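Just below is one structure, and these are the notes that go with it.
2 protein chains.
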Amino acid sequence: MKIEEMFNKYDLKFNRDDFLQELKTRQEYIEKSLNECFEKIKGYPPLIHEAMHYALFNGGKRLRPILVLEGARLAGGNPEDVVRTACALEMIHCYSLVHDDLPAMDNDDFRRGKPTCHKVYGDAVAILVGDALLTAAFELIASNAELSGISADNVVKVIAEVSKAAGSRGMIGGQIIDLGTEGIDIDYENLQKLHQLKTGELFKASLKAGAILKDMPEDELDLLEKFSYEFGLAFQIADDILDVKGDQNLIGKPIGSDEKNNRTTYVTIFGVEKAQKLAIKRVENCFMYLGNFGKKADFLRKLALFTICRDY
Amino acid sequence: MKIEEMFNKYDLKFNRDDFLQELKTRQEYIEKSLNECFEKIKGYPPLIHEAMHYALFNGGKRLRPILVLEGARLAGGNPEDVVRTACALEMIHCYSLVHDDLPAMDNDDFRRGKPTCHKVYGDAVAILVGDALLTAAFELIASNAELSGISADNVVKVIAEVSKAAGSRGMIGGQIIDLGTEGIDIDYENLQKLHQLKTGELFKASLKAGAILKDMPEDELDLLEKFSYEFGLAFQIADDILDVKGDQNLIGKPIGSDEKNNRTTYVTIFGVEKAQKLAIKRVENCFMYLGNFGKKADFLRKLALFTICRDY
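Chains as they are written, first to last, in this note's numbering: chain X, 1 to 312; chain C, 1001 to 1312.
Below, the structure is given as structure tokens:
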């Protein structure tokens, strides 16, 4: 049985091609918006902005900004009102990739089939590109207060949420743990912790950011937080499986890198079949936490499901 | 005639020892506050926070946070109300030093007599420490909205101001220009531009941040902006002179590094004597822009003056 069919009971009408079209529409909206936002932050000197542009327009899936838009929608708001914050979250993600790829970190020459930022511009510029994208993210979130229907109070809350999630107790904390664990066997609990921090925290902050800007009440924000935790882990399990079973032409990077780097993954701990079952369980939990949100959460349900049956 | 004496006409009563005591009082307040702020942002995992602490408590002069406090004072507000933003500006400064010192950038092993962050913790951790300090800065500024007398509107304005000043069109832009010009002769105009971006923008954002949080009107903010520009250049000229004539035991780094790196400086363009005159002119301009602020700007006047007659 295909994974999609296991979710028939949710009356979701998941059709892979239709969903990919829906996803593409959102991705195109993000690309256009990222272009507009980039116009706001570019200027003198030219080199740093050219290199930032290279790092930002990298063929990414744009999951985080899409989550920001969905957060606003779940709160009953217009997703377009939170678009600058959506783009900011993508900038934070891209900065983390540029720094992760550096020789001093993961030392990756390619990302999504293109040479990494430091391969094109050198290490020094790549360090500054990461710094600049991170800084620009906060400039953009602050500028979201100029858009209709967004209060300064909520913008400040979002900056608190995002900075905590992206910082030393969140994403960067996950990267530090990751640095220390390459080549070292870690147990299941620590693997969860690592991924929750490294990937889950920014997913959570993205979804909550859109919702906070649109005044979602605390109890519903809690549900989004729980959803994001499950979503992040489902996403990571799928990533680990793709690294074993994926097609490197679709993924855009060589498969088998986890094994080569002797990394502990869901697959090394559980094997592919059990890992897949764990991923399905995570998505079922996602559905549970979205229970209260009705039809307006359908895209997010499909996204969670797609996350574990994607081939890239 | 000593430089100090040239400013007698301003009725400033500048006494070097008294001023150093005043400065020390403020520095101690900042150290204490940085410790308190650091308690707010530290947590799991331990290593990144230990390394952030190392990079932050580095014996720095704490000029930027002191400027934030003075900005609040000039606006007629209580400096203690803006203390978190003051600490945030120091975190931004410290992150820029950690990344600047990396082998891929300036490759410096010592700063203020202590091994640089990457020498102690390795390059990967140092990259993440810089990222984490920058991110924590925005977390702290956002948290300043919790303190009495600070509105979310003003916090958002400060985040816009600081992120622009620290970003690709500000400090990072200056660093990019600096990377490209080492070993290359640049003219006076480009030297000014380089320093305005690399140092001046963050001074400006610091002073304005405190003032904005305390509701200073636009026309007065403009004066602070002009002051900061002159202050930053005076500071830089003095730095260039210290690199030729300073005492490396007081400065905490080897002198002559500009010549060794074949860097264009105010001294290489103008010679020491002319550079000193330019610095004095900048400080006179500082005094001009502070004209409207009365006695409550006296500390800032003394600080500008001290900037060009300091020995460290």
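Cβ coordinates follow ideal geometry from the N, Cα and C atoms, glycine included.
This one's a predicted model, so the numbers in the text were calculated from it and none came from an experiment.
Exercise. Skipping 5 residues on each side, what residues in its chain have a beta carbon closer than 7 Å to that of C/A1279?
Worked result: For this step, residue 1279 of chain C is matched to residue 279 along the second sequence. Cβ within range, chain order: A1234, I1237, A1238, I1308.
Exercise. Alpha carbon to alpha carbon, how far is X/K32 from X/L134?
Worked result: Taking the first residue of the first sequence as 1, we reach residue 32 of chain X at position 32. Taking the first residue of the first sequence as 1, we reach residue 134 of chain X at position 134. Their Cα atoms are separated by approximately 20 Å.
For this session: Classify X/F287 as helix, strand or coil using the three-state DSSP reduction.
Result: Taking the first sequence and counting its residues from 1, one reaches residue 287 of chain X at position 287. It is helical.
Problem set entry | Strand pairing of C/F1110, partner residues [DSSP] | On the second sequence, residue 1110 of chain C is found 110 positions in, with the first residue counted as 1. BP columns for C/F1110 point to C/P1115.
Problem set entry | Contacting positions in the segment 131 to 147 of chain X - beta carbon closer than 7 Å to chain C | D131, A132, L134, T135, A136, F138, E139, A142, S143, A145
Problem set entry | For X/E36 and X/F299, the rounded distance between their alpha carbons | The residue labelled residue 299 of chain X in the question sits at position 299 within the first sequence. The residue labelled residue 36 of chain X in the question sits at position 36 within the first sequence. About 25 Å.
Exercise. Nearest CA to the CA of C/P1046: which residue from C/G1200, C/Y1121, C/Q1248?
Worked result: Taking the second sequence and counting its residues from 1, the one referred to as residue 1046 of chain C is at position 46. Of C/G1200, C/Y1121, C/Q1248, the smallest CA-CA separation from C/P1046 is found for C/Y1121.
Problem set entry | Alpha-carbon to alpha-carbon, X/R62 and C/R1112 | The sequence position of residue 1112 of chain C within the second sequence is 112, counting from 1. The sequence position of residue 62 of chain X within the first sequence is 62, counting from 1. Cα to Cα, the separation comes out at about 43 Å.
Problem set entry | 8 Å Cβ cutoff, C/K1164 in contact with chain X | If you number the second sequence from 1, residue 1164 of chain C lands on position 164. Yes, because at least one Cβ of chain X sits closer than 8 Å to the Cβ of C/K1164.
Problem set entry | Residues near C/N1262 in its chain [Cβ-Cβ closer than 6 Å; skip 5 each side] | Working through the second sequence from its first residue, we reach residue 1262 of chain C at position 262. G1183, listed in sequence order.
Problem set entry | For C/L1069, three-class secondary structure by DSSP | Looking up residue 1069 of chain C in the second sequence gives position 69. C/L1069: helix per DSSP, three-state reduction.
For this session: List the residues of chain X that C/M1105 touches, going by C-beta distances under 9 Å, in chain order.
Result: Taking the second sequence and counting its residues from 1, the one referred to as residue 1105 of chain C is at position 105. Chain X residues near C/M1105: D123, A124, I127, L128.
For this session: Run down chain X in chain order and give the residues with a C-beta less than 7 Å from the C-beta of C/V1320.
Result: Within the shown structure, residues of chain C are numbered from 1001 to 1312, placing residue 1320 of chain C beyond reach of any answer.
Exercise. By how many angstroms is the C-alpha of C/A1211 removed from the C-alpha of C/L1221?
Worked result: For the purposes of this step, residue 1221 of chain C is taken as the residue at position 221 of the second sequence. For the purposes of this step, residue 1211 of chain C is taken as the residue at position 211 of the second sequence. Distance between the alpha carbons of C/L1221 and C/A1211: 7 Å.
Problem set entry | Contact the segment 1159 to 1173 of chain C vs the segment 138 to 149 of chain X: 3+ CB pairs below 8 Å | The segment 1159 to 1173 of chain C and the segment 138 to 149 of chain X touch, with no fewer than 3 CB-CB distances between them shorter than 8 Å.
Exercise. Of all the residues that make up the segment 272 to 294 of chain X, which are near chain C by a beta-carbon distance shorter than 7 Å?
Worked result: none
For this session: Could you tell me whether the Cβ atoms of X/I251 and X/V267 are closer together than 8 Å?
Result: Counting from one through the first sequence, the residue named residue 251 of chain X turns up at place 251. Counting from one through the first sequence, the residue named residue 267 of chain X turns up at place 267. Their beta carbons are not under 8 Å apart, which means X/I251 does not touch X/V267 by this criterion.
For this session: Work out the CA separation of C/D1131 and C/E1050 for me, nearest whole Å.
Result: Here residue 1050 of chain C refers to the residue found at position 50 of the second sequence. Here residue 1131 of chain C refers to the residue found at position 131 of the second sequence. For C/E1050 and C/D1131, the distance between alpha carbons rounds to 14 Å.
For this session: Apply the 10 Å Cβ neighbour rule to C/K1295 and answer buried if 16 or more other Cβ atoms are within range, or exposed otherwise.
Result: Position 295 of the second sequence, counted from the first residue, corresponds to residue 1295 of chain C. Sixteen is the threshold: since fewer than 16 other Cβ atoms of the shown chains lie within 10 Å of the Cβ of C/K1295, the residue is exposed.
Exercise. Of all Cβ atoms in chain X, is any one closer than 8 Å to the Cβ of C/I1212?
Worked result: Counting from 1 along the second sequence, the entry for residue 1212 of chain C is found at position 212. No, its Cβ sits nowhere closer than 8 Å to a Cβ of chain X.
Exercise. Are any of the Cβ atoms in chain X nearer than 8 Å to that of C/M1052?
Worked result: Counting from 1 along the second sequence, the entry for residue 1052 of chain C is found at position 52. Closer than 8 Å to some Cβ of chain X, the Cβ of C/M1052 qualifies, so yes.
Exercise. Just how far apart, CA to CA, sit X/H93 and C/D1311?
Worked result: If you number the first sequence from 1, residue 93 of chain X lands on position 93. If you number the second sequence from 1, residue 1311 of chain C lands on position 311. About 43 Å.
Problem set entry | Straight-line gap, X/D215 to C/T1025 (C-alpha atoms, nearest Å) | The count along the first sequence starts at 1 and reaches residue 215 of chain X at position 215. The count along the second sequence starts at 1 and reaches residue 1025 of chain C at position 25. Rounded to whole angstroms, X/D215 to C/T1025 spans 43 Å at the Cα level.
Exercise. Alpha carbon to alpha carbon, what distance is there between C/V1129 and X/T181?
Worked result: Here residue 181 of chain X is taken as the residue at index 181 of the first sequence, counted from 1. Here residue 1129 of chain C is taken as the residue at index 129 of the second sequence, counted from 1. Looking at the two C-alpha atoms, the distance is approximately 18 Å.
Exercise. Between which two residues does the alpha helix (DSSP H) carrying X/D222 extend?
Worked result: Your numbering for residue 222 of chain X matches position 222 in the first sequence. First-last of the alpha helix (DSSP H) with X/D222: 218 to 245.
For this session: Evaluate C/P1254 with the Cβ neighbour count: other Cβ atoms within 10 Å of its Cβ, from every protein chain shown; 16 or more gives buried, anything less gives exposed.
Result: Counted from its first residue, the second sequence places residue 1254 of chain C at position 254. Label assigned to C/P1254: exposed.
Exercise. Going along the chain, which residues of the segment 34 to 49 of chain X sit with their C-beta nearer than 8 Å to a C-beta in chain C?
Worked result: I41, K42, G43, Y44, P45, L47, I48, H49
Exercise. Any Cβ of chain C within less than 8 Å of the Cβ of X/H99?
Worked result: Looking up residue 99 of chain X in the first sequence gives position 99. Yes, its Cβ sits closer than 8 Å to a Cβ of chain C.
Exercise. Helix, strand or coil for X/T85 per DSSP?
Worked result: As a first step, residue 85 of chain X is located in the first sequence; it is residue number 85 there, counting from the start. Correct three-state label for X/T85: helix.
Exercise. Looking at the structure shown, is C/M1091 part of a helix, part of a strand, or coil, going by DSSP?
Worked result: Here residue 1091 of chain C refers to the residue found at position 91 of the second sequence. C/M1091: helix per DSSP, three-state reduction.
Exercise. Using the beta-carbon of each residue, which ones in chain C are nearer than 7 Å to X/D169?
Worked result: Locating residue 169 of chain X in the first sequence gives position 169, where the first residue counts as 1. The sequence given here has Arg at residue 169 of chain X, not Asp. Ordered by position in chain C, the residues that pass the 7 Å Cβ test against X/R169 are G1043, Y1044.
Problem set entry | Nearest-angstrom beta carbon gap, X/A152 and C/D1153 [assumed within contact, 8 Å] | For this step, residue 1153 of chain C is matched to residue 153 along the second sequence. For this step, residue 152 of chain X is matched to residue 152 along the first sequence. At roughly 4 Å, the Cβ-Cβ gap stays under 8 Å, so C/D1153 and X/A152 are in contact.
Exercise. Given C/K1198, which residues of its chain have a CB within under 7 Å of its CB, disregarding the five upstream and five downstream residues?
Worked result: On the second sequence, residue 1198 of chain C is found 198 positions in, with the first residue counted as 1. Cβ neighbours of C/K1198 beyond the five flanking positions: M1171, G1174, Q1175, D1178.
For this session: Let me know the secondary structure DSSP gives X/I172 once reduced to three states.
Result: Taking the first sequence and counting its residues from 1, one reaches residue 172 of chain X at position 172. Note: X/I172 maps to helix in three-state DSSP.
Exercise. Got a sec: is the Cβ-Cβ distance from X/G173 to anything in chain C below 8 Å?
Worked result: Reading the first sequence from its first residue, position 173 is the one you call residue 173 of chain X. Interface residue, yes.
Exercise. Nearest chain X C-beta to C/A1160 closer than 8 Å, yes or no?
Worked result: Walking along the second sequence from the start, residue 1160 of chain C turns up at place 160. So, interface residue.
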